[in-house]
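One line per chain: the protein sequences are A and B, in this order.
Under the numbering used here, the first residue of the first sequence is numbered 1, with each subsequent residue one higher.
Under the numbering used here, the first residue of the second sequence is numbered 1001, with each subsequent residue one higher.
One structure is given below, encoded as structure tokens.
2 protein chains.
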Amino acid sequence: MAAKVKAIGIGLMGVGVIGTGVADVLLRKVDKLAKEAGISLVLKKVLEKDTTKYGMLGIDPEIFTANFTDIISDDEIDIVIELVGGEHPAFEFISEALDSGKHVVTANKEVLAKHGCELLALARKKRVGLRYEASVGGGIPLISPFLNDLIANDIKAIHAIVNGTTNYILTRMSQDNLDFLVALKQAQDLGYAEANPANDVEGLDAAYKLAILATIAFGSDIRLDNIYYEGISRLKACDFRYAKELGYAIKLLAIAKQNGNAIEARVHPVLISEDALLAKVDGVYNAIEVEGDLVGKVIFYGQGAGSSPTSSAVVADVINLAQSISRGVECIPKLPFGCNKTVKHMSDIETRYYVRMNIVDQAGVLAQISKVLGDNAISIASVIQKESDPSTQSAEVVIMTHNAKERAVQKALKETEQLPVVNEISNFIRVEG
Amino acid sequence: MAAKVKAIGIGLMGVGVIGTGVADVLLRKVDKLAKEAGISLVLKKVLEKDTTKYGMLGIDPEIFTANFTDIISDDEIDIVIELVGGEHPAFEFISEALDSGKHVVTANKEVLAKHGCELLALARKKRVGLRYEASVGGGIPLISPFLNDLIANDIKAIHAIVNGTTNYILTRMSQDNLDFLVALKQAQDLGYAEANPANDVEGLDAAYKLAILATIAFGSDIRLDNIYYEGISRLKACDFRYAKELGYAIKLLAIAKQNGNAIEARVHPVLISEDALLAKVDGVYNAIEVEGDLVGKVIFYGQGAGSSPTSSAVVADVINLAQSISRGVECIPKLPFGCNKTVKHMSDIETRYYVRMNIVDQAGVLAQISKVLGDNAISIASVIQKESDPSTQSAEVVIMTHNAKERAVQKALKETEQLPVVNEISNFIRVEG
Chain A
1 MAAKVKAIGI GLMGVGVIGT GVADVLLRKV DKLAKEAGIS LVLKKVLEKD
51 TTKYGMLGID PEIFTANFTD IISDDEIDIV IELVGGEHPA FEFISEALDS
101 GKHVVTANKE VLAKHGCELL ALARKKRVGL RYEASVGGGI PLISPFLNDL
151 IANDIKAIHA IVNGTTNYIL TRMSQDNLDF LVALKQAQDL GYAEANPAND
201 VEGLDAAYKL AILATIAFGS DIRLDNIYYE GISRLKACDF RYAKELGYAI
251 KLLAIAKQNG NAIEARVHPV LISEDALLAK VDGVYNAIEV EGDLVGKVIF
301 YGQGAGSSPT SSAVVADVIN LAQSISRGVE CIPKLPFGCN KTVKHMSDIE
351 TRYYVRMNIV DQAGVLAQIS KVLGDNAISI ASVIQKESDP STQSAEVVIM
401 THNAKERAVQ KALKETEQLP VVNEISNFIR VEG
Chain B
1001 MAAKVKAIGI GLMGVGVIGT GVADVLLRKV DKLAKEAGIS LVLKKVLEKD
1051 TTKYGMLGID PEIFTANFTD IISDDEIDIV IELVGGEHPA FEFISEALDS
1101 GKHVVTANKE VLAKHGCELL ALARKKRVGL RYEASVGGGI PLISPFLNDL
1151 IANDIKAIHA IVNGTTNYIL TRMSQDNLDF LVALKQAQDL GYAEANPAND
1201 VEGLDAAYKL AILATIAFGS DIRLDNIYYE GISRLKACDF RYAKELGYAI
1251 KLLAIAKQNG NAIEARVHPV LISEDALLAK VDGVYNAIEV EGDLVGKVIF
1301 YGQGAGSSPT SSAVVADVIN LAQSISRGVE CIPKLPFGCN KTVKHMSDIE
1351 TRYYVRMNIV DQAGVLAQIS KVLGDNAISI ASVIQKESDP STQSAEVVIM
1401 THNAKERAVQ KALKETEQLP VVNEISNFIR VEG
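Okay, here's the thing in structure tokens:
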């Protein structure tokens, strides 16, 4: 049997944390893959500028190169794995590899979120594969289920926890009654957050991933530019306490919904019912809920990052491509993304809101606030007065609204803050579900 | 574009609840499928003995037939969908369809659990596809993720809630403090349990599904005969109360684990930590946790039954086959299942145990019980005395053991029940995780 198996040449670009994990799996599992998947993968070249890394992991030092063109000009390389990360030069690496007729596997969420459709079109033109299962949710199967298993469905909505760093921080804030900076410090000490955590905590990382998922789910080119995102840094420990009293958890969700020909695509903290399974996803775990017209709600849960889980997805993509190549079967990207649905402006969404404000503790204040809200067509579902402070004659109140337009809420909050009886709009959080 | 699309002929066997759902989706989504999946599916024949159903759902009455051979002899039928259910004649239908060179899609867990490997071998021999995503977990993607997305992993374990009926009953018993028969009646009234609920509540349905999953996960022919299963009918409301006090939930789990060359495959109620996400899966929902060496633990969650979710999986299988057929690509089953791992006898498993017993309420009783357990190499982790009844001088105790062999526990429980100071071994439940 083994003699019949055609060797598939692999070029690996980037041997950081993920790249070394992938190289390790490829080398360690070569026999298993030959036996179970019927393919023989041969690591032909590894791109790395830092020559001190040459020969690492027991990889033959001879196959390291600092020159990208050594990989794309190597006729024995069928599949290029891009794990350099970041937008440039990764985008150019992927483009040129596809252009040279190589199949590409990448975990690069930023390049996919910014240039995905263009790269998929190039892959189709060159009749090669472009796989990116690892770009969202680490090893959790998502891209492939969307493209294959859920293909009979019209996707109605995605609600996803796709950033483990922020979910860890929110879990600590909620469970240990911590403020943001304290929880962030803990996450950094444990290696769950980077020294510069901005991409994670400001929601950008989740927005990249939402762009990728929404593009597939809705068959339309949803780019990062179309996605509203905000992070978790303005949440306070008291917001979690109040949310809990009201029966909610607070999560950073990536949300995409279809309303006719318009799509909502946004990332921000939300109050969700504590009974929802997503509310129970704690720590660094990811969970992606997909709602289809046939399947209803399905959830995919697991570790969304880390060398080993990400390798699981990268190597699976490599194996699936290699099986097609071995059998002489074309493996060009399936979807044309021809739906061209447009993304609603954030001001046009409609949802419920949690508003926490500090007011002067005297009679008639709520009437004034209600009037401003009412003038903006916002009706109040409930009001809870919290923590009066007699020394400053101030009080904290939490207002839950009925469904209202984002634009109206933003305007009303500005007007409310102008009222002499309102000291501060302390926070507002959208409610989902 | 549309003119280029080759029509794929479909033969549908069985128009019960699932079959009518599938027919409805095929007819309703024909334009979407042509546009997004690039295929044209044409329902050519429908097998149904009951002539009063002919013409239902707006299906042309002319294409109904009571004769199976009309379908397998129709050269215009490429894919046969088997939704007759049960072992016979569904097994013969599938076999003959494959033998005639038709691709087959089925949701039939019983046939797959009993004859899966034989049918897959036949499909390989005939070089046609055999898909069965809907046989486990309704519309939740499982088979395809195992075969494709998780292929780089060595699967270590599966812990799965794959029977919605029993999960609903257990949820009611736990949340409403109900005994089994009361909760079963509620489930029947709501249509979640059948009039004859034996297959579900005795664990057989879950065992079918475990056979299918374990066969794929471990690349070995795991048949129903190899799987130990027991149901939920001997659980009492008090078991849920005591479990909760100890920090556990009770779930009916389908468990498969790899230990070297031996596999454990079993279905029974278990105590699992209430912190585990599986413990939080309530109602009729299914959740399948898969642990791989690379990916860690991933969970797939959703509705495991029902016409619409099941149609999602059946139609996806049809579309994926149709795409391959249209492109002239072979779609024979991927895995040879050549691992030949054996399933451990249930007596040889080792786990922790919860034992509830009724004892004579007097000094020294626990010492006698401990001695019997100790003589069988079973050590006690904790003992909790519950509900003494002064009128009968009896008391209920719950014993949690450390890890012990099933064989030893069964023997020890028999011996314990012989002690004059023990009125009854009321229940024992294995602990998982």
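Don't be surprised by glycine CBs; every beta carbon is placed ideally from N, CA and C.
Since we're looking at a predicted model, the values are computed, not measured.
Check                                                                                                                                 : Outcome
Residues that B:Phe1300 bridges to, as DSSP identifies them                                                                           : A:Phe300, B:Ile1288
DSSP state of A:Gln385 mapped onto helix, strand, coil                                                                                : strand
N- and C-terminal bounds of the alpha helix (DSSP H) containing B:Val1314                                                             : 1307-1326
A:Gly101 - DSSP class collapsed to helix/strand/coil                                                                                  : coil
Chain B within 7 angstroms of A:Ala316, Cβ atoms only                                                                                 : yes
Residues that A:Asn177 contacts on chain B, provided the C-beta gap is smaller than 8 angstroms                                       : Result: empty, since nearest Cβ-Cβ is about 19 angstroms, beyond 8 angstroms.
Cβ distance (whole Å) where B:Tyr1353 is taken to contact B:Val1267 below 8 angstroms                                                 : Contact flag wrong, Cβ pair sits at about 17 angstroms.
Completely contained alpha helix (DSSP H) runs for the stretch 1062-1120 of chain B, where each covers 4 or more residues             : 1068-1072, 1090-1099
Neighbour-count burial assignment, A:Lys251, 16 or more Cβ in a 10 Å radius                                                           : buried
C-beta neighbour in chain B for A:Lys462, strict 7 angstroms                                                                          : Absent from the structure is residue 462 of chain A, since the part of chain A shown begins at 1 and ends at 433.
Any C-beta of chain A under 7 angstroms from that of B:Gln1258                                                                        : no
Extent of the continuous beta strand (DSSP E) run through B:Thr1401                                                                   : 1394-1401
Reduced DSSP category for B:Gly1011 - H, G, I as helix; E, B as strand; rest coil                                                     : strand
Partners in chain A for B:Glu1133, counting only beta-carbon separations shorter than 9 angstroms                                     : Asp149
Between the CA atoms of A:Phe218 and A:Ile94 - distance to the nearest angstrom                                                       : 24 angstroms
Short Cβ contact (7 angstroms threshold) for A:Val105 with A:Ile81                                                                    : yes
Proximal chain A residues relative to B:Ile1140, where beta-carbon distance stays under 7 angstroms                                   : Val298
Where A:Asn167 falls: helix, strand or coil (DSSP)                                                                                    : helix
Proximal residues of chain A, C-beta to C-beta of B:Val1295 below 7 angstroms                                                         : Gly139, Gly302, Pro309, Ser312
Cβ shell of B:Asn1376 (< 7 angstroms), same chain only, five flanking positions each side left out                                    : Ala1408, Lys1411, Ala1412
CB contact check: B:Pro1145 to chain A, cutoff 7 angstroms                                                                            : yes
Beta-carbon contacts of A:Gly55 that lie in its chain and below 6 angstroms, excluding the five residues immediately before and after : Pro61
Exposure label - B:Pro1333; buried when at least 16 CB within 10 Å                                                                    : buried
Residues in the stretch 1001-1034 of chain B having any Cβ partner in chain A nearer than 8 angstroms                                 : Val1025, Lys1029, Lys1032, Leu1033
Cα-Cα separation, A:Ala279 to A:Ala249                                                                                                : 6 angstroms
Option in A:Ala107, A:Glu245, A:Arg124 with minimal Cα separation from A:Leu271                                                       : A:Glu245
Cβ separation of A:Gly306 and A:Gly138, assumed to be a contact under 8 angstroms, to the nearest whole Å                             : 6 angstroms
Where B:Lys1209 sits in the DSSP three-state scheme                                                                                   : helix
Neighbour flag for A:Lys125 against chain D, beta carbons, 7 angstroms                                                                : You won't find chain D in this structure, because its protein chains are A and B.
According to DSSP, residues forming a beta bridge with B:Val1258                                                                      : For the sequence presented, residue 1258 of chain B should be read as Gln rather than Val. For B:Gln1258, which the question treats as bridged, DSSP gives the partners B:Ile1263.
Candidates A:Ser220, A:Ala97, A:Ser311, A:Val15, of which the one nearest A:Ala134 by Cα                                              : A:Ser311
Whole-angstrom distance between B:Ala1037 and A:Ser436, CA atom to CA atom                                                            : With chain A running from 1 to 433 in the structure shown, residue 436 of chain A is simply not present.
From A:Gly58, A:Val84, A:Ile59, residue whose alpha carbon lies closest to that of A:Phe68                                            : A:Val84
Any C-beta of chain A under 7 angstroms from that of B:Ile1222                                                                        : no
Residue-chain proximity (B:Lys1109, chain A), Cβ-Cβ < 7 angstroms                                                                     : no
Buried versus exposed, by CB contacts within 10 Å (16 or more), A:Glu110                                                              : buried
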